[in-house]
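Chemist: One structure coming up, written as structure tokens, with questions to follow.
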Amino acid sequence: MKSLIVIGFALMTATSALAADPGVTDTEIKIGDVNIMTGPASFIGRAVSVGSKIAAAEINATGGVNGRKITIVTEDDGYVPARSFQALTKLLQVDGIFALNGTSGTANVLAMMPLITEANLPTVVTTAPNELVYEPVRPSVFTIGASYANAFYAQLKYIHDKAKPANAVYGLIRQDDDFGVAVEHGYDRAVKEFGVKDAIRLRFKKGTSNFAAEVAQMKQAGVGVLANGGIIAGAANILAEARKNGMDLQIASVWSEDMPPSVNLSAPAGYDYLVGDYVALQGRAIDRFMEKAKKYASAEEIGAINRYTYITYVGVKVLAKAMGDCGKDLTRACTIAKLKALKGYDTDGLTAPISFDNAKQLAGTAVAVYRLDAKSKTFTPLTDFVDY
Amino acid sequence: MDFLLLLVSTGLVTGAAYGLIAMGFALVYKATGVVNFAQGELMMLTAYVSFSVADRTGLSFLMLMALTIPISMAIGLLLERIFIRPMLGEPVFSIVMVTIGLAVILRGLVILVWGPDPAVFDVGLPDTVIRLGPVPFYPAQLVLVAAMAGVTTIAWIFLRFSRIGIAMRAVAANETAARLSGISVSRIHAFAWMFSSAIASIAGVLFAANFKLAPDMWFQGMKSFPAVILGGLDSVIGASVAGLVIGVVENLFQGYVGQGMREISGFIVIVVVLMVRPYGLFGSREIERV
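One line per chain: the protein sequences are W and H, in this order. In this text, residue positions in the first sequence follow the working numbering: the first is 595, and each later residue adds one. In this text, residue positions in the second sequence follow the working numbering: the first is 26, and each later residue adds one.
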């Protein structure tokens with residue numbers, strides 16, 4: 595009889611263990627991170643990885659999530675959507691992650707979406723706040739960040755309302771892809787709302803280096819306010835060509851242009867361009883973050899820090915908050931419910947407060963506008979975080 | 026009129042870069058009968074090597090090039106010895122596949138050694154804008170055009186009058202006959218790789234000086250390929266002229282027709298020219314295209 599009771603108890607325990615979600619033990623929670631660790635865009639992946647590491651280290655140093663330590667498991671996707679799918683498959687089937695934070699680019703998240711949905715995997719998307727990610731809404735997916743459209747609208751609104759350009763002739767140059775379309779949405783809204791002259795809209799292929807013809811077209815059109823949808827070397831080459839042509843411009847830029855590698859490329863052209871970002875770029879929030887970074891990251895890792903580090907840090911903290919609210923009985927369903935209920939979570943100034951209690955499960959959409967000082971390569975905030 | 030001049034002048038600058046890269050393709054093809062699909066990567070690798078040299082030494086532009094070119098020739102020789110020499114006598118297709126493999130290796134190597142971040146390559150030239158009439162230029166742009174003119178002239182003289190140049194043409198015309206007349210074909214192949222590396226380094230340094238140094242620079246090799254076909258796959262001089270044509274046509278199409286026409290305009294020119302002259306503007310009739 596005794597042995598029957600023991601067997602029965604063992605079976606009950608086993609059933610209970612089987613019912614628990616993967617990635618959680620009494621001492622550990624595994625969070626997955628699919629990331630761009632190789633290839634030309636790996637400076638983004640390195641920054642993301644450092645953000646996850648600092649957040650996990652900080653949480654673990656203060657006792658973890660209800661006593662469980664966070665472990666980040668990173669897989670490289672090289673920015674290739676097919677590899678993102680493989681990477682998440684490995685994280686789910688081999689590593690057994692509980693939740694996902696790093697999700698690479700927009701196309702990469704979309705490639706992983708069937709797996710995320712099937713596993714009901716709590717996922718916080720911080721680096722690809724694209725409409726395609728949060729529309730239609732997937733119950734387990736939560737997105738932090740503004741759209742490119744709002745980021746451009748915010749900058750053009752600042753130029754129109756505050757800078758009051760003498761030559762209010764507007765022009766747009768953007769990539770001929772989904773990202774470029776989002777940039778154009780913001781530009782379109784701005785020129786229509788302000789009733790300004792929309793002189794020219796140009797498209798270019800991703801990877802273009804030579805913008806001589808495009809800049810000549812903009813000069814011919816008399817552009818004085820430029821929505822520059824180029825990124826990194828592309829944006830810098832556009833500005834260099836504009837400088838050569840002696841163009842006096844007020845410039846709105848993509849938020850990638852606030853990262854140090856981009857600033858180093860663009861600053862020699864001498865334009866004090868604007869950026870709109872949903873992440874703080876400087877000030878006390880960043881000072882406080884850097885103190886944490888010095889505590890938990892190596893000098894090399896600190897060198898890799900950029901805006902993607904801050905936002906990924908916020909992503910892990912938000913996940914930890916939701917998991918913490920579930921108490922000891924941590925499940926994916928509970929974490930998703932707590933994320934869905936999250937309201938006004940304070941990110942210590944790194945972004946606007948995070949609230950997912952909305953139909954799109956979308957937060958941190960407020961944008962701040964900054965101006966680059968090309969000489970000192972530093973940014974000055976021009977506005978607070980504002981929703982547009 | 027100013028608009029047209031701007032488009033033509035900047036088209037010549039881009040075309041000069043295409044032309045230099047295309048000359049490297051044509052030189053290897055002329056001597057070995059193989060299309061080196063790693064030419065763009067060779068251009069990128071030598072530019073990065075030069076970047077490291079400049080970073081450590083702070084040399085003036087001419088001194089930098091004086092050091093970069095021999096280093097690049099040594100790199101070309103090394104690559105030929107390791108990857109191409111063992112393939113001598115193997116089917117052309119196999120050698121072409123080796124160059125494709127080499128291209129992938131070089132791309133990875135560049136990111137491994139120098140990292141993925143793009144960089145400003147200060148080659149020691151001033152960045153003040155120079156105006157020639159109504160047209161503005163950066164000094165690096167003018168140097169790029171001048172370098173292409175210089176390299177084209179030197180290549181013409183070299184292929185026409187030097188012993189090695191004549192031997193290269195002999196190998197290209199009839200490898201067996203060249204071998205029977207005492208020409209070391211393997212040595213000629215090595216020279217072709219060395220010289221194409223030297224040209225690649227000039228193209229790479231000046232391209233990076235004008236358009237930034239980045240690990241996706243190799244793609245310019247693909248963008249230069251229309252110039253190789255247009256000029257004639259085995260015509261070094263034709264490649265340089267065709268590079269200029271492609272550069273100017275691209276800019277004119279983009280400027281006057283607009284929206285994405287830059288990307289297809291070069292191919293439109295190729296299709297039209299090849300329908301009239303299947304072997305390119307300056308190529309030999311008996312080219313076997315790979």
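Glycine residues also receive a C-beta, built at the ideal position from the N, C-alpha and C atoms. Just so we're clear, the structure is a prediction, and the values are computed from it rather than from any experiment.
1. Do you know offhand how far Arg-287/H's Cα is from Gly-918/W's?
2. Determine, for Ile-826/W, whether the minimum Cβ-Cβ distance to residues of chain H falls below 9 Å.
3. Check whether the Cβ of Lys-971/W lies closer than 9 Å to any Cβ atom in chain H.
4. Residues of chain H with CB under 7 Å from Arg-797/W, in chain order?
5. If you check the beta carbons only, do Met-853/W and Ala-722/W fall under 9 Å apart?
6. Does DSSP put Thr-903/W in a helix, in a strand, or in coil?
7. What residues from the stretch 120-137 of chain H come within 8 Å of chain W, judged by C-beta to C-beta, listed N to C?
8. Pairs of beta-carbons, one from the stretch 282-299 of chain H and one from the stretch 792-805 of chain W, closer than 8 Å: are there three or more?
9. What whole-angstrom Cβ distance do Ser-85/H and Gly-149/H have, given they're in contact under 8 Å?
10. Within a Cβ cutoff of 8 Å, which residues of the same chain sit near Leu-868/W, ignoring the five residues on either side of it in sequence?
11. Buried or exposed: Pro-281/H, going by 16 or more other Cβ atoms within 10 Å of its Cβ?
12. For Gln-166/H, I'd like the list of residues in its chain whose CB is within less than 7 Å of its CB, leaving aside the five on either flank, ordered along the chain.
13. Which residue marks the beginning of the alpha helix (DSSP H) containing Val-148/H, and which one marks its end?
14. Against chain A, does Asp-670/W count as a neighbour if the rule is that its beta carbon must be under 9 Å from one of theirs?
15. Counting only beta-carbon separations shorter than 9 Å, does Ser-698/W have a partner in chain H?
16. According to the Cβ coordinates, are Ile-948/W and Tyr-939/W closer than 9 Å?
17. Anything in chain W within Cβ reach of Gly-44/H, meaning under 7 Å, just list it in chain order.
18. How far does the alpha helix (DSSP H) with Phe-186/H in it reach, from first residue to last?
19. Which same chain residues end up closer than 6 Å to Ser-221/H when comparing Cβ atoms and leaving out the 5 residues on each side of it in sequence?
20. Starting from Thr-721/W, follow its DSSP beta bridges and name the residues at the other end.
21. Which value, in whole angstroms, describes the spacing of the CA atoms of Leu-605/W and Ala-614/W?
22. What is the residue span of the beta strand (DSSP E) that Gln-64/H lies within?
23. In the DSSP assignment, find the alpha helix (DSSP H) that holds Gln-581/W and state where it starts and stops.
24. Taking only beta-carbon atoms, is Val-176/H less than 9 Å away from chain W?
25. Could you round the C-beta distance between Ile-96/H and Val-74/H to whole angstroms and report it? I think they count as a contact, below 8 Å.
26. Pop quiz: Tyr-764/W and Asp-792/W are said to be a contact at Cβ under 8 Å. What is the actual Cβ separation, rounded to whole angstroms?
27. Between the stretch 263-279 of chain H and chain W, which residues of the former have a C-beta closer than 7 Å to a C-beta of the latter?
28. Let's test the definition: count the other Cβ atoms within 10 Å of the Cβ of Asn-702/W and tell me whether it reaches 16, buried, or not, exposed.
29. Given a threshold of 16 other Cβ atoms within 10 Å of its Cβ, counted over all protein chains shown, does Ala-776/W qualify as buried or as exposed?
30. For Gly-921/W, does the three-state DSSP call read helix, strand or coil?
31. Pick from Arg-783/W, Tyr-742/W, Phe-788/W, Ala-655/W: whose alpha carbon is nearest that of Asp-772/W?
32. If you measure beta-carbon to beta-carbon, which residues of the stretch 841-859 of chain W are closer than 7 Å to chain H?
33. How is Pro-161/H classed by DSSP in three states: helix, strand or coil?
34. Closest to Asp-16/H by CA distance: which of Thr-621/W, Leu-796/W, Arg-677/W, Asn-858/W is it?
35. Quick one: which residues of the stretch 238-251 of chain H get their C-beta closer than 7 Å to a C-beta of chain W? List them in chain order.
36. Could you pull the start and end residues of the alpha helix (DSSP H) that Phe-692/W belongs to?
Modeler: Taking the structure as given:
1. One C-alpha to the other measures close to 55 Å.
2. Output row for Ile-826/W: interface = yes.
3. Residue contact check for Lys-971/W against chain H: no CB pair falls below 9 Å.
4. By Cβ distance, chain H contributes Gln-284, Gly-285.
5. Contact flag unset, no.
6. Helix.
7. Cβ contacts with chain W: Ile-136.
8. Cβ pair count under 8 Å is three or more, so yes.
9. 5 Å between Cβ atoms; contact.
10. Correct list, in chain order: Gln-749, Tyr-752, Ile-753, Gln-844, Ile-845, Ala-846, Ser-847, Val-963, Tyr-964, Arg-965, Leu-966, Leu-976.
11. Pro is not the amino acid found at residue 281/H; the sequence shown has Tyr there. It is exposed - the Cβ of Tyr-281/H has fewer than 16 other Cβ atoms within 10 Å.
12. The residues are Val-38, Asn-235.
13. Per DSSP, Val-148/H belongs to no alpha helix (DSSP H) and is neither H nor E.
14. The chain inventory of the structure shown lacks chain A, comprising the protein chains W and H.
15. No, Ser-698/W lies away from the interface with chain H (no Cβ there is under 9 Å from its Cβ).
16. Yes; because the gap between Cβ atoms is below 9 Å, this pair is in contact.
17. Those within 7 Å of Gly-44/H in chain W number zero; the least Cβ separation is about 14 Å.
18. Run containing Phe-186/H: 164-186, per the alpha helix (DSSP H) assignment.
19. Gly-49, Leu-52, Val-53.
20. Partner(s): none; Thr-721/W has no beta bridge.
21. Because Leu-605/W carries a pLDDT of 45, less than 50, the predicted location of this residue cannot be relied on, and the following value inherits that uncertainty. Each residue's Cα considered, the two are about 14 Å apart.
22. Run containing Gln-64/H: none in the beta strand (DSSP E); it sits in the alpha helix (DSSP H), 64-82.
23. With chain W covering 595 to 982 only, the question about residue 581/W has no answer from this structure.
24. Not an interface residue.
25. In this structure, Ile-96/H and Val-74/H form a Cβ contact; the two beta carbons are roughly 6 Å apart against a cut-off of 8 Å.
26. Rounded, the Cβ-Cβ distance is 5 Å, consistent with contact.
27. Within the stretch 263-279 of chain H, the qualifying residues are Asn-276, Gln-279.
28. Buried.
29. That one is buried.
30. Gly-921/W falls in the coil class under three-state DSSP.
31. Of the listed residues, the one whose Cα sits closest to Asp-772/W is Tyr-742/W.
32. Taking 7 Å as the Cβ-Cβ cut-off, the stretch 841-859 of chain W approaches chain H at Pro-855, Asn-858, Leu-859, given in chain order.
33. For Pro-161/H, the secondary structure class from DSSP, reduced to helix, strand or coil, is strand.
34. One cannot answer for residue 16/H here, as it falls past the ends of chain H, which runs 26 to 315.
35. Correct list: Ala-239, Pro-240, Asp-241, Phe-244.
36. Counting along the chain, Phe-692/W falls outside any alpha helix (DSSP H), and DSSP gives it neither H nor E.
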